[in-house]
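K.L.:
Sharing a structure below in structure tokens format, with a few things to ask.
Numbering (the UniProt record's numbering), first residue to last: 1 to 211.
So, in structure tokens, the structure goes:
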């Protein structure tokens with residue numbers, strides 16, 4: 001379990017208000033970007049060192065430039081292993097949690113036959129390639145797969161590269177326990193994205209209009 005993890009408390013809840021997208025997602029930014037935002041990947045790695053008492057395993061990262069979004073075919077044996085892991089994890093959760101409801105797509109244990117990666121630069125102009133494990137990315141692929149595998153990949157890339165490169169894109173990053181135990185050089189993967197519109201900078205007047 002992550003040090004940042006919290007247990008859910010079952011209490012009566014009411015929905016009050018709506019966090020909308022007015023003013024360039026102002027309210028959403030206040031919520032999603034209230035913790036430190038990293039711009040340098042090396043600094044993020046230092047902050048994630050388990051030798052530190054205050055190490056982190058979740059972070060928000062702002063890439064300087066999005067270079068590419070790629071889909072790499074998985075080894076069939078790896079796909080089958082992941083499928084079995086999903087089924088086993090669901091079986092355990094169903095036994096431990098009374099009334100646990102397994103969504104239909106998880107019952108089928110559909111494992112994505114591709115691994116998605118973002119290629120980007122940080123503020124030092126160093127290029128990185130990190131795996132994307134965003135749930136919405138996987139669901140977009142599954143929802144488009146009936147159009148064919150290649151078309152599904154194109155749909156995912158169109159959204160996560162062509163559309164998002166024109167947004168003020170942030171990555172929500174998370175490490176794996178295995179990465180910490182083995183002290184991998186790049187322990188992070190991208191577990192979510194935040195994509196408010198880019199702020200339009202006012203043009204500077206070069207000359208005084210009265211001159």
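Ideal Cβ positions, reconstructed from N, Cα and C, are used throughout, including at glycine.
1) Name the one or two DSSP bridge partners that residue 52 has.
2) Under the three-state reduction of DSSP, which class applies to residue 130: helix, strand or coil?
3) Look at the alpha carbon of residue 186 and the alpha carbon of residue 153, and state the distance between them as a whole number of angstroms.
4) Considering only the alpha carbon of each residue, which of 166, 169, 161 lies closest to residue 68?
5) Please report the distance separating the alpha-carbon of residue 13 from that of residue 155.
6) Looking only at DSSP bridge pairs, what is residue 71 linked to?
7) Quick check on DSSP: helix, strand or coil for residue 62?
8) Mind checking which residues open and close the alpha helix (DSSP H) that includes residue 42?
9) Count Cβ pairs between the stretch 50-58 and the stretch 137-154 that sit closer than 8 Å; are there 3 or more?
P.N.:
Looking at the coordinates:
1) To locate residue 52, count along the chain shown from 1; it is residue 52. None, per the DSSP bridge assignment.
2) Sequence index remark: in the chain shown, residue 130 carries index 130 (1-based). Residue 130: strand per DSSP, three-state reduction.
3) Locating residue 186 in the chain shown gives position 186, counting from the first residue. Locating residue 153 in the chain shown gives position 153, counting from the first residue. As the crow flies, the alpha-carbon of residue 186 is around 25 Å from that of residue 153.
4) Working through the chain shown from its first residue, we reach residue 68 at position 68. The residue with the shortest Cα to Cα distance from residue 68 is 161.
5) One-based indexing of the chain shown puts residue 13 at position 13. One-based indexing of the chain shown puts residue 155 at position 155. Going from the Cα of residue 13 to the Cα of residue 155 covers about 37 Å.
6) Looking up residue 71 in the chain shown gives position 71. Residue pairing of residue 71 in beta bridges, as defined by DSSP: 116.
7) Here the question's residue 62 lines up with position 62 in the chain shown. Residue state, collapsed to three classes: coil.
8) The sequence position of residue 42 within the chain shown is 42, counting from 1. Residues 41-47.
9) No: the two stretches stay apart, fewer than three of their Cβ pairs being nearer than 8 Å.
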